[in-house]
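Read through the structure below, which is laid out as structure tokens, and then see the notes.
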Amino acid sequence: MKIAAVQFYIDHNDKPSNWDRIISFVEKAAKEKVDLIVFPEYVIGGPSPESALDKGASERFCKLALDYGLDIVVGTIIERDPEDGRLYNCCYYINNDGTVLMEYRKVHLWHPERDFLHEGKRGFDTAKNRFGITVGLAICWDIAFPEAFRHMTLKRNAQLVIAPAYWTLEDAGPIGMKHNPNSETMLIDYICTARAIENEICMVFCNGADAAEGQEKSPSGTMAGGTQISVPFIGPVAHCSGGTEEMIITDIDVKELTDDAEKVYKIRQDWKEGKIFGVLILALP
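Converting from the sequence shown to this note's numbering requires adding 29 to each position, the first position being numbered 1.
The structure is reproduced here in structure tokens:
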């Protein structure tokens, strides 16, 4: 699969300009014959209840996927559930024919998000895409929880996990930044490599971009960067060079990498044979 991840600058005050630039990146990816393009969390308007949108936003992405003939992971959109009236942080994997392959609502909300969002009650399912690859979705702080990845890989056979994010350096708070002002970038890099290797998966992590010259800085702080594609045996095979807007593209053989990792490490086999410590914790429905 040829995969693009866009470390995308999100203008919190100008949703139309965000849409215009999303289309521009999709056009560029299509010219590069990309199979899948990934955008970051809160891609339309940033992390606030005022950014909530109806289903028309995801439908617009569906039309983009169909028009340009490539799969799209939307990043995330804040949506209000028509039944319970609550706001959820929603991620979509959209097929190149414009249909939704899977939807995921963020389970592990970052602490400030809990003031206006509700956690998804059903998470970490997987689905097989048009390339025969079993895909899972996570969002931002979800990647800090290895249990979610174990569930996707060992119970749901994930080979590729995609994680849009909106992650800032200030998420460490004054306490964390006192020890290391770039601790969140370090955390992202280490976790992405660890999740790829320990679960025998390929992983796409896609963060929002920091403001470049002439752009308004995010009210949430300085974006931590770290957008990358990480795989077993290697770690990152593509990584954004800094924190500002950039699209990375790489072609990876997901099946070969994950199959070879299992041949060497046999983690999935050990799971099936009940040889992994704490296996009962993963006895989820």
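Positions of the beta carbon are idealized from the N, C-alpha and C atoms, including for glycine.
All of these numbers come straight from a predicted model, not from anything done at the bench.
Which residues DSSP lists as bridging residue i, in chain order
i: methionine 131; result: Tyr122
i: tyrosine 117; result: Glu108
i: alanine 223; result: Answer is none; alanine 223 lacks a bridge partner.
i: methionine 252; result: Thr197
i: methionine 232; result: Val190 and Ser259
i: proline 203; result: DSSP lists no partner for proline 203.
i: glutamine 36; result: Glu275
i: leucine 166; result: Ile191
i: isoleucine 101; result: Ile66 and Ile123
i: leucine 82; result: Glu108
i: lysine 292; result: Its beta-bridge partners do not exist; DSSP assigns none.
Alpha-carbon spacing of residue i relative to residue j, whole angstroms
i: isoleucine 258; j: lysine 246; result: 26 Å
i: serine 77; j: valine 164; result: 28 Å
i: lysine 304; j: lysine 157; result: 27 Å
i: phenylalanine 37; j: alanine 58; result: 14 Å
i: aspartate 126; j: histidine 208; result: 48 Å
i: lysine 301; j: lysine 284; result: 20 Å
i: tyrosine 25; j: isoleucine 52; result: With the chain running from 30 to 314 in the structure shown, residue 25 is simply not present.
Cβ distance (whole Å) where residue i is taken to contact residue j below 8 Å
i: glutamate 108; j: leucine 130; result: Glutamate 108 to leucine 130, Cβ: 17 Å. No contact.
i: isoleucine 106; j: leucine 65; result: With 8 Å as the limit, isoleucine 106 and leucine 65 do not qualify as a contact, their Cβ atoms being about 18 Å apart.
i: glutamate 229; j: threonine 182; result: 7 Å
i: leucine 116; j: leucine 146; result: 5 Å
i: glycine 250; j: leucine 198; result: 6 Å
i: alanine 173; j: valine 190; result: Contact flag wrong, Cβ pair sits at about 14 Å.
Residue nearest to residue i in terms of C-alpha spacing, selected from the options
i: phenylalanine 54; options: Asn42, Tyr71 and Leu93; result: Leu93
i: proline 248; options: Glu213, Ala34 and Ile39; result: Ile39
i: glycine 237; options: Gly98, Glu79 and Cys169; result: Cys169
i: phenylalanine 153; options: Arg159, Gln188 and Phe160; result: Gln188
Which of helix, strand or coil DSSP assigns to residue i
i: serine 259; result: strand
i: asparagine 42; result: coil
i: proline 210; result: coil
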